[in-house]
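Engineer: Residue numbers (the numbering used here), protein chains in the order written: chain A, 31 to 511; chain B, 5 to 406.
In this text, a Cβ means the ideal position worked out from N, Cα and C, and glycines have one as well.
#1: In or out: residue 210 of chain A buried (at least 16 other Cβ within 10 Å) or exposed?
#2: Could you give the uninterrupted runs of the beta strand (DSSP E) lying entirely in the region 126 to 154 of chain A, keeping only those of 3 residues or more?
#3: If residue 37 of chain B sits next to residue 358 of chain B, beta carbons under 8 Å apart, how far is it from one beta carbon to the other, in whole angstroms?
#4: Assuming residue 145 of chain A and residue 348 of chain A make a contact with CB atoms under 8 Å, what is their CB distance in whole Å?
#5: Contact defined as beta carbons within less than 8 Å: I believe residue 256 of chain B pairs with residue 11 of chain B. What is the distance between those atoms, to the nearest angstrom?
#6: What residues of chain B sit near residue 119 of chain A, judged by a beta carbon separation below 9 Å?
#7: Using 7 Å as the limit for Cβ to Cβ distance, is residue 150 of chain B near chain C?
#8: Can you give, in chain order, each stretch of the beta strand (DSSP E) that sits fully within the region 32 to 96 of chain B and has at least 3 residues?
#9: Count the other CB atoms, across all protein chains shown, that sit within 10 Å of the CB of residue 141 of chain A; report buried if there are 16 or more and exposed otherwise.
#10: If we define contact as Cβ-Cβ less than 7 Å, is residue 279 of chain B a contact residue for chain A?
#11: With contact counted as at least three CB pairs below 8 Å, one residue from each stretch, are the region 396 to 413 of chain A and the region 432 to 452 of chain A in contact?
#12: Contact between the region 55 to 62 of chain A and the region 102 to 112 of chain A: three or more CB pairs below 8 Å?
#13: Give a yes or no on whether 7 Å exceeds the smallest Cβ distance from residue 406 of chain B to chain A.
#14: Would the region 259 to 273 of chain A count as touching the region 283 to 299 of chain A if we require 3 or more Cβ pairs under 8 Å?
#15: If you compare alpha carbons, which of A/457, A/149, A/477, A/69 is closest to residue 298 of chain A?
#16: On a CA-only basis, which of A/221, A/351, A/312 is nearest residue 474 of chain A? Give me that one, please.
#17: Does any residue of chain A bring its CB to less than 7 Å from the CB of residue 184 of chain B?
#18: For the region 223 to 251 of chain B, list the alpha helix (DSSP H) runs that are entirely contained and at least 4 residues long, ordered along the chain.
#19: Does DSSP classify residue 112 of chain B as helix, strand or coil?
#20: Using only the alpha-carbon positions, how far apart do residue 254 of chain A and residue 329 of chain A sit?
#21: I'd like to confirm the pairing. Which residues does DSSP put opposite residue 273 of chain B in its beta bridges?
#22: I'd like to check one pair, residue 300 of chain A with residue 310 of chain A: are the Cβ atoms closer than 7 Å?
#23: Ignoring anything shorter than 3 residues, give me the beta strand (DSSP E) runs that lie fully in the region 140 to 196 of chain B, in order along the chain.
#24: For the region 36 to 82 of chain A, list the alpha helix (DSSP H) runs that are entirely contained and at least 4 residues long, ordered along the chain.
#25: So is residue 481 of chain A in contact with chain B if we call contact Cβ pairs under 7 Å?
#26: Tell me residue 193 of chain A's beta-bridge partners as DSSP assigns them.
#27: Which residues in chain B sit within 7 Å of residue 16 of chain A, going by Cβ to Cβ distance?
#28: What separation, rounded to the nearest whole angstrom, lies between the Cα atoms of residue 146 of chain B and residue 45 of chain B?
#29: Is there at least one Cβ from chain B nearer than 7 Å to residue 65 of chain A's Cβ?
#30: Which same chain residues, not among the five before or five after residue 340 of chain B, have their C-beta less than 6 Å away from its C-beta?
#31: Give me the Cα-Cα distance between residue 477 of chain A and residue 458 of chain A, rounded to the nearest whole angstrom.
#32: Am I right that residue 13 of chain B and residue 235 of chain B are in contact with their C-beta atoms under 8 Å? What's the rounded C-beta distance?
#33: Hey, out of A/113, A/447, A/200, whose CA is closest to residue 292 of chain A's CA?
#34: Sorted by chain position, which residues of the same chain lie with C-beta nearer than 6 Å to residue 44 of chain A's C-beta, five sequence neighbours on each side aside?
#35: What is the rounded straight-line gap between the Cα of residue 449 of chain A and the Cα of residue 181 of chain B?
#36: Does residue 475 of chain A have its Cβ less than 7 Å from a Cβ in chain B?
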């Protein structure tokens with residue numbers, strides 16, 4: 031087993047900022063990412079390619095991406111960068127089991143930073159398993175990473191500013207976006223503008239997205255939800271309806287839209303499996319997207335030396351992630367006794383002030399967009415709620431009736447979450463539904479029980495304990511970043 | 005809040021559910037309480053119904069004996085043959101499964117996945133292992149039913165097994181169930197029969213008045229009853245200790261690995277000195293299991309996972325290419341003599357053990373449920389309860405201690 035001072039999992043805005051903060055002050059952090067290049071979902075292309083291209087992120091995002099890229103270029107030999115590397119388990123005291131090209135290896139970290147981002151929240155509704163129904167993020171990565179168009183006529187639906195980003199990118203790629211359907215009512219959004227004004231630049235960016243859609247003739251429908259998708263194997267039409275404040279559809283006003291693709295997602299769920307495997311005390315935070323590790327004001331978890339930053343610590347977007355990553359980097363410097371200059375103390379004060387401002391903005395966003403109860407009732411008895419095991423809502427509710435009131439017992443009773451996704455896809459929505467059915471709060475229903483391996487792994491991988499990490503690291507550093 | 009029942013069963017694993025089922029069948033007002041925390045042995049069991057295998061020490065006991073002999077520094081390990089009365093107990097309990105599967109299906113709609121296959125195959129890699137098996141067949145009457153196979157015969161039975169074998173012992177008629185489905189079916193059938201099931205409920209302690217146990221204390225009240233059944237698995241010792249009853253049950257951790265679902269690959273269950281394997285009804289292969297005395301720690305270790313996987317690949321080489329779905333651990337309720345602890349305890353009334361299932365809890369559950377229920381309602385017991393009473397330990401302590 032090898033030892034490292036700081037191991038950072040996830041090279042998106044949070045992990046990258048933490049790594050840069052440490053490397054710029056003389057430490058040599060290990061930065062792990064499952065993708066071939068750093069940048070995370072948001073900066074993947076802008077960091078690794080020279081231009082932002084026609085369908086890159088917004089100008090502000092591109093600006094931040096360029097800045098991270100420049101900083102990365104300055105200190106790349108000071109970061110042990112392990113791309114195409116996945117963490118499959120965390121054992122004992124910060125022993126990080128990584129899967130690499132020739133097997134797996136254990137790294138004992140003195141400090142472990144989890145910057146693992148978020149998944150999209152999917153909510154079952156009749157027809158959601160049809161071909162051509164996907165998440166906005168899924169459509170985005172088709173366009174961005176694979177250069178494939180998800181369809182010809184696309185409806186983008188759900189909630190949150192991310193819909194606007196994806197709709198813009200799809201349109202720029204040549205897809206006909208027939209509309210953006212946002213569950214939040216316009217007046218419920220406007221009532222929070224006071225909080226949003228805490229960060230005028232970000233508010234302006236939001237308006238720019240909306241204006242761009244308008245200019246391109248894409249209708250934006252506030253206060254509507256998708257209630258049904260229909261088609262013969264492939265989605266052909268989508269039923270939408272106006273909804274109330276709780277996102278409950280008003281049935282009498284349903285109408286249908288013809289599409290060949292539906293992108294639907296209601297925000298994000300923190301990807302907190304590794305925190306859970308590390309043994310961190312977890313808590314349920316509805317506004318932040320789900321189960322997250324408990325942290326102190328420096329983002330250290332209940333386990334000494336395990337830190338979290340970014341969406342995995344509570345969904346808040348790339349700007350917050352970057353600031354949180356920097357803060358964690360600074361705090362680790364302090365712990366390792368490298369925190370001596372007044373310059374660093376000032377930097378920490380600045381980052382904390384920035385986070386405080388962002389907190390007002392983000393809590394307004396949370397107020398606007400956090401998932402409402404109306405979605406929980408979209409699925410009918412026959413709707414598949416666990417795609418891996420093809421379970422219907424009726425089957426899961428029957429099990430809940432017999433005392434299956436947490437994921438563990440439901441899994442035993444129905445195999446909910448026993449498939450390849452291990453509950454990541456189905457459980458967030460089912461937990462809401464079960465909480466509703468049994469009159470419990472989400473805390474009581476509990477999170478998914480996370481077990482290794484956190485990523486796909488074969489028995490053969492397990493039998494190849496590798497010692498090539500240093501070699502591989504040297505190799506990775508030669509790759510242009 | 006105060007509640008009342010005839011019997012309160014603490015522990016909703018396979019044993020508690022079996023007792024609840026049998027009591028509900030006898031029109032007893034029963035409350036079944038389950039805390040729903042991770043680590044129960046039922047959820048980390050292979051579900052092997054290997055009465056003969058366990059009785060003569062060729063089931064999952066092989067690994068246990070090996071780890072024990074390693075602890076004690078013995079040069080080679082031997083199968084741990086269980087006492088003859090318990091051999092018969094297991095055989096008899098196992099014989100209840102075919103009918104039980106049908107009844108549970110009828111009552112609860114749950115399929116316990118009772119799957120007759122080729123049997124249990126103990127793989128013989130080494131001379132010493134071959135020697136044991138021959139010795140067993142000569143010295144243990146029950147081991148008559150163990151058939152010796154040549155490598156070619158093994159291959160005909162299970163084409164995916166390694167050919168690098170000296171041979172194998174076949175215990176035909178040793179099958180498997182889905183242990184979690186079994187517990188679930190028993191529980192649901194108990195509920196159908198009128199049992200009151202309390203999920204996610206923690207019993208803080210028992211309530212004792214003088215020499216009588218009068219109920220259980222929950223966070224939000226007390227349930228009074230005539231009899232408390234301690235089916236708290238690995239936690240049974242702690243529960244008993246809450247009212248000064250000494251019950252020598254300790255947690256013995258078992259880590260298991262579950263593969264992704266495969267097409268039908270193994271017809272039989274396999275047992276080796278490194279691990280056992282069973283392909284379950286949904287195609288996943290369960291690879292078990294460690295036997296570790298590490299208290300109530302239910303975490304998994306990379307060493308244990310890799311060593312079991314190494315054993316699995318040695319037995320079935322194609323598994324090397326197969327994905328791992330999940331790895332987890334459960335706590336077996338271990339006892340000093342590997343036998344269950346059932347029935348009442350001296351000088352205390354209103355209390356009944358259904359504890360210490362260790363590594364035979366699944367196969368023993370039908371008969372355990374039945375005789376514990378029989379003892380509570382005062383029926384004649386199907387098999388004598390005497391060898392399993394807790395008092396056997398105090399007797400022994402007296403004779404050994406002095």
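Structural biologist: In short:
#1: buried
#2: 133 to 144, 148 to 150
#3: With 8 Å as the limit, residue 37 of chain B and residue 358 of chain B do not qualify as a contact, their Cβ atoms being about 13 Å apart.
#4: Going by Cβ atoms, the distance from residue 145 of chain A to residue 348 of chain A rounds to 12 Å, so no, they are not a contact pair.
#5: Not really, about 28 Å apart at Cβ, beyond 8 Å.
#6: 304, 306, 309, 331
#7: No chain C appears in this structure, whose protein chains are A and B.
#8: 34 to 37
#9: buried
#10: no
#11: no
#12: yes
#13: With a pLDDT of only 35 at residue 406 of chain B, under 50, the local geometry of the prediction cannot be trusted, and the value read off the model is given with reservation. Not one chain A Cβ lies under 7 Å of residue 406 of chain B.
#14: yes
#15: A/149
#16: A/312
#17: yes
#18: 240 to 245
#19: helix
#20: 37 Å
#21: B/124
#22: no
#23: 151 to 153, 171 to 175
#24: 43 to 53, 70 to 78
#25: yes
#26: Per DSSP, none; premise fails for residue 193 of chain A.
#27: Outside the displayed span of chain A (31 to 511) sits residue 16 of chain A, for which this structure offers no information.
#28: 27 Å
#29: no
#30: 252
#31: 8 Å
#32: 6 Å
#33: A/200
#34: 145, 339, 340, 351, 354, 355
#35: 20 Å
#36: no
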